[in-house]
Every structure is written in C-alpha cells, then in structure tokens.
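2 protein chains.
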Amino acid sequence: MQPVKVALLGLGTVGRGVYRILTGNAANIAQRVGAPVEISRILVRDLTRDRGIQLDPSLLTDSYQDIIDDPEINVIVEVMGGIHPALDYVMDALKRGKSVVTANKDMIALHGKELFAAAGASGAGFFFEGSVAGGIPIIRPLKQCLAANRIQEIMGIINGTTNYMLSKMTLEGMDFDQVLREAQARGYAEADPTSDVEGLDAARKLAILASIAFNSRITLNDVYVEGISKITARDIAYARELNYVIKLLAIAKETPEGVEVRVHPTMIPQYHPLASVNDVFNAIFIRGDAVGDVMFYGRGAGELPTGSAVVADIMDAARHIVHRVPAFMGCTCYEEKPVKPVALAESKYYIRLTVSDRPGVLASIAYAFGDKEVSLASVIQKHTDGDRAEIVMVTHRVREQNLQDALRLVECLSSVDRIDCCIRVEGE
Amino acid sequence: MQPVKVALLGLGTVGRGVYRILTGNAANIAQRVGAPVEISRILVRDLTRDRGIQLDPSLLTDSYQDIIDDPEINVIVEVMGGIHPALDYVMDALKRGKSVVTANKDMIALHGKELFAAAGASGAGFFFEGSVAGGIPIIRPLKQCLAANRIQEIMGIINGTTNYMLSKMTLEGMDFDQVLREAQARGYAEADPTSDVEGLDAARKLAILASIAFNSRITLNDVYVEGISKITARDIAYARELNYVIKLLAIAKETPEGVEVRVHPTMIPQYHPLASVNDVFNAIFIRGDAVGDVMFYGRGAGELPTGSAVVADIMDAARHIVHRVPAFMGCTCYEEKPVKPVALAESKYYIRLTVSDRPGVLASIAYAFGDKEVSLASVIQKHTDGDRAEIVMVTHRVREQNLQDALRLVECLSSVDRIDCCIRVEGE
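Chains as they are written, first to last, in full-length UniProt numbering: chain G, 1 to 428; chain V, 1 to 428.
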C-alpha cells in the first residue's frame with residue numbers, strides 16, 4: 001500500500017509525542033490503518049534548534065507553503081498551539097480539502113464554527129480528540145458511542161495543573177502559594193499560571209465538550225469562570241469536616257432555561273467518583289438519559305498521552321484516505337440553544353464568614369439569608385482569635401441570584417467582618 | 001432523506017431498551033445520523049405475549065425469513081442472545097451484506113473469527129459495542145481512540161452481578177449465600193447464577209476485549225476462570241486489614257511468553273481506581289504504552305444502558321448506509337499470539353490456612369514455601385478455637401506453578417488442617 005503522508009505543524013511537547021508514537025509503533029499503526037503512515041514534513045520556526053529527538057533534518061521546514069503545496073501530503077497535523085498563525089494554516093488546509101488533526105483547544109473554543117464550516121464545505125476531515133483531556137477518549141465517545149443519548153450533564157476535572165494543586169492541598173495540607181511554586185518547579189504549572197489557575201484552560205475544553213454534548217455551539221465567552229486562587233487550606237479542612245472534597249470542576253447541564261456552562265471550585269461528596277481523581281489525572285463524568293452515569297479517566301496532558309489522542313485521529317484520517325471514503329462525522333451543532341445566565345443557575349453553597357463573637361450574630365445572618373429565600377442546611381460556628389468567630393454554612397439548593405443578593409445583605413451587617421469564601425456544592 | 005430500516009431479532013430486556021431509545025430519541029437520532037432510523041420488523045417467538053411496551057403489533061413477526069428477504073431492511077439487530085439460532089441468523093445476514101449489530105457476547109467469544117470473516121467477505125458492517133460492559137464505550141475506544149498504543153494490560157470489573165455481591169459483602173459484611181439470595185431477589189442474579197458467579201460471563205467479555213487489545217483472536221476456551229463462590233466474609237475482613245479490596249477481575253496482559261487471560265477473585269489495593277467501583281457498576285482499566293492508564297466506568301448491564309450501546313452501533317451502521325460508504329473497521333486480529341498457560345503467570349498471593357496452634361508450625365510452612373522459591377511478604381497468625389490457629393500470608397510475586405507446588409507440600413504437613421483460601425493480589 002502507498003503510505004499516507006502527514007505533515008506536522010509544530011514540534012513542541014505534543015509534536016514530539018506524535019513523532020515518537022508514529023515512528024515507534026509504526027508497524028502496528030500500518031496494520032491498523034491498512035497502510036503505513038509517514039511523517040513527510042515538519043514545520044518549525046527555527047531549523048537549527050535541538051529538540052531532544054533524533055530525526056532526519058531534511059524533514060524540517062520553516063515554510064508552511066512548502067507543506068500545503070505538496071500534493072502528496074493529505075493530513076495536516078496542527079500541534080503548534082495558539083490562534084495565529086495556527087488558525088490561518090488550518091483554515092487554508094481545510095479549504096483545500098486536506099484532512100486536519102489538531103489538539104488546539106484555544107482555536108476550537110473560539111473558532112469552532114468557521115473551522116467546521118470550512119471542513120464541511122470541502123469535505124475535509126477535521127479531528128480534535130487531543131484538544132480535550134489529553135489521552136482520554138472523550139470527543140469520539142461523545143459523538144459516536146453515546147450518540148443514542150440526550151446528554152443531561154457533564155462534570156469534569158479537565159485541568160491537570162489545578163487538580164495537582166488541589167490534591168496536594170487536600171492530601172498534604174499545603175497552602176496555595178506553596179503548592180503553586182511546587183507545581184511550577186515540577187513543570188506542571190507554567191511561569192504565568194493564569195490560564196490554568198484561573199480556570200480559562202478548563203473553560204475552553206468545556207466549551208468544546210458542551211458544544212458536542214448539547215448539539216449547540218458554545219464558545220469560551222459563554223462559559224462562566226472562577227479559578228482556584230482564593231481556595232485556602234482552611235476551606236479544604238472544612239470541606240473534609242463536611243465530608244466533601246474541593247475540585248475545580250467544569251460543569252455543563254441542559255436545563256429548560258438553556259445550557260449551563262461553568263467552571264469553578266466545587267465541593268463534591270467524598271464518595272463521588274470524581275472525588276478520588278487526584279494528582280494530574282483528569283476525569284469526565286457524563287450523565288445520559290439512556291446510559292445513566294459514565295466516567296472516563298486518565299492523563300489529561302503530556303507528550304505521549306496527548307500524542308496518543310492525536311495519532312488516533314491521524315489514523316482515523318488515514319483510514320478514510322486509504323478507503324477513499326470522505327469524512328462524514330462533521331459538525332454536530334444542529335441546534336441553537338440559549339446559554340443560561342449564571343445568575344439563574346442553582347446550586348448548594350458553602351460559605352465561610354468572619355464575624356464578631358457575640359450573641360445574636362448568627363440570628364442576624366440567618367435572617368438576611370431567609371429574606372432572600374436562601375435556606376441553610378448546616379451551620380458550624382467556631383471561636384477563633386480574640387473576639388472573632390468563624391461561621392461556616394452550607395445552604396440548600398438555591399438560585400445564584402438569591403445567594404448573591406443574600407451575601408450583599410450579610411456583607412452590610414455590622415457584626416460581619418467579611419465573607420471569606422463561597423464555594424458551590426454539587427454532585428449530591 | 002429516506003429512513004434507514006432496521007429489524008430487531010428479539011424483544012427481551014435489551015430489545016425493549018433499543019426500541020425505547022430509537023423511538024424516544026428519534027428526532028436527535030435522525031439529526032445525528034442524517035436520516036431517520038426506523039424499526040420496521042421485530043422477530044419474536046410468541047406473537048401474542050405482552051412485553052410491557054406499547055408497539056404496533058404489525059411490526060412483530062415470528063419468521064426470520066420475512067425479515068432477511070425484505071430488501072428494504074439494511075441493518076439486522078440481534079438481541080435474542082444464545083448461540084442458536086442467533087449465530088445462524090447473523091451469519092446469514094452478514095453473507096447477504098446486511099450490517100449486523102449485536103450485543104451477544106456468548107456468540108462473539110466463541111465464533112468471532114467466522115463472524116468477522118463473513119463480514120469481511122461481503123463488506124457488511126459488524127458492530128458489537130453492547131457485548132461488553134453494557135453502556136460503557138469500550139470496543140470503539142479500544143479500536144479507534146487508543147489505536148496508537150500498544151496495549152499492555154487490561155484489568156476490568158465486567159460482571160455486575162458479582163460486583164454487586166462482593167460490594168455488599170465488603171460494605172455490609174454479608175456472607176456469600178445471603179448476598180446471592182438478595183441479588184436474586186433484586187433481579188441482579190439469575191435463578192441459576194452459575195455463569196455470573198463462576199466467572200464465565202466475565203470470561204466471555206474478556207475474550208472479546210483481549211482479542212481487540214492484542215490483535216490476536218482469544219476465545220472463551222483460552223481464558224483461565226475462577227469464580228467467587230469460595231470467597232467468605234472472613235477473607236473480605238482480612239483483605240480490609242491488609243488494605244485490600246476483593247473484586248472479580250478480568251485481567252489480560254501481553255507478556256513475552258504470550259497473552260495472559262484470566263478471570264478470578266483478586267485483591268487490589270484500596271487506593272486503586274477499580275477498588276471504589278461498587279454495586280452493579282463496571283469499570284475497565286487499560287494501560288497503553290503512550291496513553292498510560294485510562295479507565296472507563298459506568299453501568300455494565302440493563303435495558304437502557306446496553307440499549308445505549310446497541311443504538312450507537314445502529315447509528316454507526318446507518319451513517320455508513322446514508323453516506324453509501326462501506327464499513328471499514330473490520331477484524332483487527334492480524335496477529336497470532338500464543339496464549340500463556342496460567343501456570344506461568346506471575347502474581348502475589350493471599351493464602352489463608354487452618355493449622356494446629358503449636359510451636360514450629362509456621363516454620364514448617366515457611367520451609368515448604370521456601371523450598372518452591374515462594375517468598376513471603378507478610379504473615380499474620382491468629383489463635384481461633386481450641387487448639388487451632390489461622391495463618392494468613394501474602395507472598396511476593398511468584399509463578400503460579402511454584403505457588404501450586406508449594407501449596408501441595410503445605411497441604412501434606414501434619415500440622416496443617418486445610419488451605420482455606422488462595423486469592424491473587426494485583427494492581428500494586
């Protein structure tokens with residue numbers, strides 16, 4: 001059989017993983033595809049840099065034109081990341097009918113619609129399993145294996161950096177700054193950790209998952225986002241006392257008022273399957289009307305895990321080429337569902353307050369909550385230093401708007417120093 | 001678009017689930033497939049029996065010939081179970097080039113080779129996601145999403161009945177007979193529970209998974225099988241003391257001496273992701289050379305969960321028909337790997353013995369083990385009734401053959417009353 005020729009755009013962490021897998025597992029891959037899969041060009045910015053892998057230097061090029069004009073190259077693998085020039089290259093390739101494989105969540109979460117439209121118009125295959133949760137199969141399972149279901153809910157741990165940090169805080173009692181430094185030293189967090197720590201990375205992935213699950217285009221801008229930087233060792237200890245674990249969850253639900261999409265620190269019961277997903281592992285919990293609850297677990301990032309997903313996509317694209325069959329799993333956003341404002345979302349809430357330690361304080365707080373129809377499920381009051389006390393409350397299910405209104409009232413009470421923390425409680 | 005016409009063979013639990021999903025989610029399914037999917041005939045033995053669902057009685061037929069001779073029916077969905085006549089019907093359909101969807105693990109585990117050959121010869125699609133682990137996506141993820149990997153190991157909880165029973169024994173301290181009666185009362189175990197309890201059901205599913213994972217045909221007869229009927233509340237209590245949990249695991253490994261395939265009660269560490277899979281839930285843990293560890297979790301049986309997998313397959317078959325594209329994911333058993341005899345398999349072992357409570361007994365036992373090169377990792381000795389004692393040991397990793405030889409020596413010691421239990425320890 002004629003080999004299927006592939007070009008890599010980029011040779012960073014994921015690119016190296018793809019190269020290693022395609023060369024290291026070549027014989028099996030050829031058998032499973034029906035033809036050898038060959039990397040014939042690799043686009044890099046700097047032709048001379050040492051990349052820590054052995055490769056034939058003649059594969060490297062710094063000219064995208066060289067690649068796109070080569071009629072023998074049928075699959076373009078974009079693993080450079082970022083929006084520009086990745087988007088321009090990918091759009092160009094799709095318009096020319098070349099299959100594209102990408103792991104670029106930023107690009108899909110913002111420009112998914114135009115990418116699918118370009119692929120649909122030319123009949124090119126467009127594959128992006130590696131864009132969410134690294135090596136964990138999730139895009140194809142959602143699109144195919146669970147296609148018989150109306151998906152009701154997705155809850156996922158889809159950012160490894162923050163899960164590593166929260167796991168360390170939970171299991172070893174470390175505080176936020178300390179664990180962030182450790183994560184940076186280990187290469188799990190970047191020098192500027194904002195995108196991970198503030199939840200943006202998870203929000204991009206959630207936009208992609210929710211679009212597929214609910215058949216309606218969700219973009220990054222639709223997702224309500226809160227990061228973990230305000231989580232303290234103190235809240236983690238209280239969570240344990242209440243039999244919860246704190247995770248940064250990406251949550252998407254279909255509701256009568258529209259699609260809820262939010263990323264925020266969340267307390268979940270210790271018995272929940274996501275509660276024991278620790279370290280850099282990711283897991284995605286899905287509820288379908290037929291299948292019930294399913295969960296997918298594995299490594300959400302890294303050279304070889306993400307490479308595993310990208311190469312699986314390359315193999316799928318190659319199979320279509322070998323069998324001369326057009327790609328027919330295109331865009332699945334055949335509906336336009338409204339996005340539900342977060343103010344209308346319902347949740348239980350954990351709230352921690354610092355107050356004056358004197359009689360009547362709790363009553364005034366409870367009165368303020370009651371005034372906004374927020375009912376309390378449990379209250380713990382602890383004396384702290386001097387004349388201060390700490391109150392920890394968990395509410396019953398309530399609308400976000402009511403909770404925020406109540407918190408504004410509580411904040412104004414003279415006996416309340418400050419609202420230290422407010423974390424949603426889910427999964428019960 | 002012209003509807004894709006489907007016939008169901010059988011209307012038992014899974015058949016009803018398929019009917020409910022195809023009719024209940026019809027609009028979404030039509031959108032996702034690109035054409036409506038219509039059940040046009042249902043084969044049943046008794047046309048008059050009440051099946052607890054509302055359906056047009058003219059759909060029912062007791063003649064397979066009616067179905068197979070209908071040129072408009074393109075997808076045959078076999079959900080009758082058993083080998084005959086299911087195998088004859090399915091072979092006939094495949095030979096005629098009709099796509100077949102089946103959830104029949106018994107048939108595939110025994111006759112997979114000839115089924116794939118028939119499908120390959122005619123170009124018919126052959127789909128069987130529902131045959132393993134109910135609604136959990138596993139066949140397609142193994143064949144496609146993890147295709148870039150050399151799979152090294154599979155460890156799965158793939159029988160819901162035994163997992164329910166072991167969970168109850170672990171969490172509520174019930175004994176085997178008591179929990180079996182409860183499982184039967186709840187409909188989780190059949191009147192004759194042999195196939196579940198003795199591990200045969202799990203062995204069939206493991207044969208299917210291992211064939212895909214290692215690209216070499218494994219049949220039911222290749223799988224070493226031990227059931228859970230000898231597991232006592234006592235062993236479960238000792239497992240807890242040793243920080244283990246007992247699960248009925250289906251294990252497949254690729255080793256230099258061949259493929260290991262075995263189903264048996266297994267102690268795994270409490271921190272292992274499979275340890276917290278309780279009740280009727282299933283989970284499959286897979287280790288690939290690129291992806292690392294991944295796990296798939298969900299409901300392994302039931303009308304709607306298994307229906308979810310079967311309908312996903314029907315939708316895949318229908319997409320191929322709509323796009324006029326032949327099925328091209330055929331048999332992946334392109335190698336012939338030997339099956340490793342269980343005598344050569346390596347494991348740690350938990351062993352419980354009843355012995356005379358007098359000095360020197362432990363020394364004689366330890367000597368017998370040492371003689372067969374079995375080294376002991378830990379030993380607990382407890383006084384029981386009268387002059388008897390109980391010894392619980394965990395070995396280091398050792399070949400099964402050596403362990404069995406050692407047990408034969410130990411059995412002959414005059415101070416040893418009996419070997420009460422021997423359970424493999426894995427996953428550390």
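In this text, a Cβ means the ideal position worked out from N, Cα and C, and glycines have one as well.
Quick caveat, the model's predicted, so the values are computed rather than measured.
Taking 7 Å as the Cβ-Cβ cut-off, the segment 269-299 of chain G approaches chain V at P273, S276, G288, A290, V291, G292, D293, V294, M295, F296, Y297, G298, R299, given in chain order.
Per DSSP, V:N25 is not a residue of any alpha helix (DSSP H), being assigned neither H nor E. Here the C-alpha atom of V:E336 lies approximately 29 Å from the C-alpha atom of G:I39.
Using a CB distance cut-off of 9 Å, V:F176 does not count as an interface residue toward chain G.
The DSSP-derived three-state label of V:N149 is coil.
Under the three-state reduction of DSSP output, G:A203 falls in the helix class.
Under the 8 Å Cβ criterion, the segment 208-217 of chain V counts as touching the segment 321-337 of chain V, having at least three qualifying pairs. The Cβ-Cβ distance between G:A118 and G:M91 falls below 9 Å. Below 8 Å, too few C-beta pairs join the segment 380-387 of chain V and the segment 406-419 of chain V to call them touching: fewer than three. Closer than 9 Å to the CB of V:T332 there is at least one CB belonging to chain G.
Under the DSSP definition of a beta bridge, G:H383 partners with G:A389. Neighbours of G:Q144 in chain V, taken as residues at a C-beta separation under 7 Å, are given in chain order as R140, A312, D316.
Comparing alpha-carbon positions, the option among G:F285, G:A124, G:A86 lying closest to G:D106 turns out to be G:A86. Here the alpha carbons of G:I284 and G:I212 stand approximately 14 Å from one another. Taking 7 Å as the Cβ-Cβ cut-off, the segment 67-90 of chain G has no residue approaching chain V. The residue from G:I138, G:T23, G:V379, G:V311 with its alpha-carbon nearest to that of V:Y297 is G:I138.
Short of 8 Å from the beta carbon of G:K372, and not among the five residues preceding or following it, lie these beta carbons of its own chain, in chain order: N402, L403, D405, A406, L409.
For V:G125, the nearest beta carbon of chain G is not closer than 9 Å to its own beta carbon. If you draw a straight line from the Cα of V:A148 to the Cα of V:R140, it comes to about 13 Å. If you check each beta-carbon in the segment 31-50 of chain V against every beta-carbon of chain G, the ones closer than 7 Å belong to Q31, R32. In the three-state reduction of the DSSP assignment, G:N221 falls in the helix class, which pools H, G and I.
In the three-state scheme derived from DSSP, where H, G and I count as helix and E and B as strand, V:H323 is classed as coil. Counting only the Cα atoms, G:I251 lies some 19 Å from G:A239.
Runs of the alpha helix (DSSP H) lying entirely within the segment 225-266 of chain G, each at least 4 residues long, are 233-241 in chain order. At a cut-off of 9 Å, the C-beta of G:H383 has no neighbouring C-beta in chain V. V:S99 is outside the set of residues whose beta carbon lies under 9 Å from a beta carbon in chain G. In this structure, the straight-line span from the alpha carbon of G:I314 to that of G:P3 is close to 13 Å. Judged by their CB atoms, V:A327 and V:S58 are not nearer to each other than the 9 Å cut-off. No Cβ-Cβ contact shorter than 9 Å links G:L344 with G:M393. Residue pairing of V:I423 in beta bridges, as defined by DSSP: V:Y350. In this structure V:E260 is buried. Its beta-carbon is surrounded by 16 or more other beta-carbon atoms within 10 angstroms.
For V:N402, the secondary structure class from DSSP, reduced to helix, strand or coil, is helix. Measuring C-alpha to C-alpha distances from V:D357 to each of V:K348, V:S375, V:K382 identifies V:K382 as the nearest. When rounded, the separation of the alpha-carbon atoms in V:L11 and V:Y19 is 8 Å. Membership of V:F116 in the alpha helix (DSSP H) is indicated by the continuous run 105-122.
Take G:G130, set aside five residues on each side of it, and the residues of its chain with a beta-carbon closer than 6 Å to its own are A103, T306, A309, V310, in chain order.
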